[in-house]
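Here the protein sequences line up with chains A and B, keeping their order.
The first sequence stops at residue 192 when you use my numbering, and every number in between is there.
The second sequence stops at residue 192 when you use my numbering, and every number in between is there.
All remarks here apply to the structure that follows.
Number of protein chains: 2
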Amino acid sequence: MSEELVAFFKVLSDANRLKIIGLLAQQPYSVEELAALLNLKASTVSHHLSKLAKVGLVSAKTESYYNVYQLDEKALEIKSKSLFSQENLASSVANVDVDAYDNKVIKDYVKKDGSLKTIPAQRKKLEAILRYIIKSFKAGKKYTEKQVNEILSQYHEDTAYLRRELIGYKLMKREGGGGEYWREE
Amino acid sequence: MSEELVAFFKVLSDANRLKIIGLLAQQPYSVEELAALLNLKASTVSHHLSKLAKVGLVSAKTESYYNVYQLDEKALEIKSKSLFSQENLASSVANVDVDAYDNKVIKDYVKKDGSLKTIPAQRKKLEAILRYIIKSFKAGKKYTEKQVNEILSQYHEDTAYLRRELIGYKLMKREGGGGEYWREE
DNA sequence: AATCTAATTTGATATTCATCGAATTAGATT
DNA sequence: AATCTAATTCGATGAATATCAAATTAGATT
């Protein structure tokens, strides 16, 4: 899907191909004429035209000796309107592993036994670790501070710091003074 | 002018840059995060981002350690709407010599004394030669057949053929039986 | 002040691709 | 049938560029 979009942009990312589109927007031309107009060899123009044809922007009509190429203005209009549609933007990231960053950070900071080597100082890395830790809490369930500390102690001895940051980054919530905690959804 | 358009397409003709745009369309990211998400080195991502920034599609905000990049959606929308505007199509051909084909044909068929080596058999080349010859006639002036032949004889002895083709291609017009000719405008 | 960290820049490498000339193909004219 | 002509395909070459590693820069933390 996304490959198609890349291919489309690749085809248009050449000055001579853009000139061909501009010329064909005025009137149809044969390969030989385009070659003379662009100061290129016919073989080169043929090469460009085949790329343009492959994405459906131009088409050829055989006229006695000549292959007369014309612009498909409909295709151009349709393509240009949908280029950055929600659909295309989404498809471009379809194969991206959205957890790659978190996984990388977890790999760097979590030991084989599941505990943390250290608590990362960098904000974004800390966030990733906190997102990892919060999974140990069931959504909807209420925990006492003691229970919270017990779970966090699997990760690091500084449970108070982890608890505070979980709340600071709004991954966990606390009820007034009652000492009740729960995972934010 | 046209160079700008080529540059824009060049920037977008890379799969990883499109992925970056897709990702930034969802939320801002730091270079490091993008590198992890795309499975690339930070230096490579930095390189891509600088190209995207150069055409105004993304911009960076420094946040403590991080350079957090965001998509400029306005710029994206504006650009995408005007990509194939009449203006851009015209500017792409601004530097094209529209007479190049005719000149090439003339160079191939006209001797130094101004007469034709031969009359080209190919339709498109004949047209170019006829467009060249018709310049010897003043617009608006009426000519007798004898006068027409005299002018055409500078180019080739087969004046009847040239005369017929000039009329066939509607470069010249003839009044009924009266034998009056004039150049079409 | 000294040390870290993320980002950028630089240099090198490998790949992609525009261009040309030569060979081939497809069609038309004689 | 034989000969032209335009177009395409093929092979080679040189230029552009995506990528990485290493060095450098800019800022923040301790």
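Idealized CB from N, CA, C, for every residue including glycine.
Following the continuous alpha helix (DSSP H) through residue i, name the residue where it begins and the one where it ends.
i, result
"Ala135(A)", "130-140"
"Asn95(A)", "93-99"
"Leu114(B)", "For the record, residue 114(B) in the displayed sequence is Lys; it is not Leu. First-last of the alpha helix (DSSP H) with Lys114(B): 107-116."
"Tyr168(A)", "166-175"
"Leu159(A)", "152-159"
"Leu90(B)", "Leu90(B) -> no alpha helix (DSSP H), and no H or E assigned at all."
"Val13(B)", "9-19"
What first and last residue would you give for the beta strand (DSSP E) that runs through residue i?
i, result
"Thr125(A)", "No beta strand (DSSP E) contains Thr125(A), which DSSP labels as neither H nor E."
"Glu187(B)", "187-190"
"Glu182(A)", "179-182"
"Lys148(B)", "Per DSSP, Lys148(B) belongs to no beta strand (DSSP E) and is neither H nor E."
Give the residues of chain A in contact with residue i, contact being defined as C-beta atoms less than 9 angstroms apart.
i, result
"Arg196(B)", "Shown here, chain B extends from 8 to 192; a query on residue 196(B) therefore has no answer."
"Ala82(B)", "Under the 9 angstroms cutoff, chain A gives no residues; its nearest Cβ is about 11 angstroms from Ala82(B)."
Name the chain B residues that come within less than 8 angstroms of residue i, Cβ to Cβ?
i, result
"Tyr108(A)", "Glu39, Glu40, Ala43, Leu44"
"Lys58(A)", "Neighbours of Lys58(A) on chain B: none; closest Cβ ~12 angstroms, over 8 angstroms."
"Leu90(A)", "Ser87, Leu90"
Taking Cβ-Cβ distances shorter than 7 angstroms, what residues in chain B pair up with residue i?
i, result
"Ala32(A)", "Leu96"
Count the other CB atoms within 10 Å of the CB of residue i; is the residue buried (16 or more) or exposed (fewer)?
i, result
"Gly175(B)", "exposed"
"Gly183(B)", "exposed"
"Ser99(B)", "buried"
"Tyr72(B)", "exposed"
"Asp120(A)", "exposed"
"Ala167(A)", "exposed"
"Glu191(A)", "exposed"
"Gly147(B)", "exposed"
"Lys132(A)", "buried"
"Glu164(B)", "exposed"
"Ala135(B)", "buried"
"Gly186(A)", "exposed"
"Ser50(B)", "exposed"
"Lys128(A)", "Lys is not the amino acid found at residue 128(A); the sequence shown has Ala there. So Ala128(A) counts as exposed."
"Glu172(A)", "buried"
"Glu70(A)", "exposed"
"Glu10(B)", "exposed"
Since residue i meets chain A, which of its residues come closer than 7 angstroms, beta carbon to beta carbon?
i, result
"Ile85(B)", "Chain A residues near Ile85(B): none, gap ~11 angstroms exceeds 7 angstroms."
"Lys111(B)", "Ala43"
Taking C-beta pairs closer than 8 angstroms, name the residues in chain A that residue i reaches, listed in chain order.
i, result
"Val105(B)", "Leu44"
Who are the neighbours of residue i on chain B, taking C-beta pairs under 9 angstroms?
i, result
"Asp21(A)", "Val13, Phe16, Lys17"
"Lys26(A)", "Ser9, Ser99, Val100, Asn102, Val103"
"Gly29(A)", "Ser9, Asn95, Leu96, Ala97, Ser98, Ser99, Val100, Ala101, Val103"
Discussion item. Assess contact between the region 50-66 of chain B and the region 121-131 of chain A, defined as three or more Cβ pairs (one per stretch) separated by less than 8 angstroms. Is contact present?
Written reply: Below 8 angstroms, too few C-beta pairs join the region 50-66 of chain B and the region 121-131 of chain A to call them touching: fewer than three.
Worksheet item: Quick check: the region 47-62 of chain B against the region 11-18 of chain B, are there 3 or more CB pairs under 8 angstroms?
Response: The answer is yes - the region 11-18 of chain B touches the region 47-62 of chain B, with three or more Cβ pairs under 8 angstroms.
Worksheet item: Quick one: complete beta strand (DSSP E) runs, 3+ long, within the region 28-80 of chain A?
Response: Qualifying beta strand (DSSP E) stretches, in chain order: 65-70, 73-78.
Discussion item. Under 8 angstroms: do the region 144-160 of chain A and the region 96-113 of chain A share three or more Cβ pairs, one atom per stretch?
Written reply: Segment contact: the region 144-160 of chain A against the region 96-113 of chain A, fewer than three CB-CB distances shorter than 8 angstroms; contact not assigned.
Worksheet item: How about the region 136-147 of chain A and the region 90-104 of chain A: do they share at least three Cβ pairs that are nearer than 8 angstroms?
Response: Because the criterion of three Cβ pairs below 8 angstroms is not met, the region 136-147 of chain A and the region 90-104 of chain A do not touch.
Worksheet entry | Validate contact between the region 87-94 of chain A and the region 75-95 of chain B using beta carbons, cut 8 angstroms, 3 pairs | As far as the Cβ criterion goes, the region 87-94 of chain A touches the region 75-95 of chain B, which means the pair count is three or higher.
Discussion item. I'd like to know if the region 21-31 of chain B and the region 40-55 of chain B are in contact, where contact means that at least 3 CB-CB pairs between them fall below 8 angstroms.
Written reply: Short answer: they touch.
Worksheet item: Can we say the region 76-84 of chain A touches the region 26-43 of chain A, given the rule of at least three CB pairs closer than 8 angstroms?
Response: With the cut-off at 8 angstroms, the region 76-84 of chain A and the region 26-43 of chain A touch.
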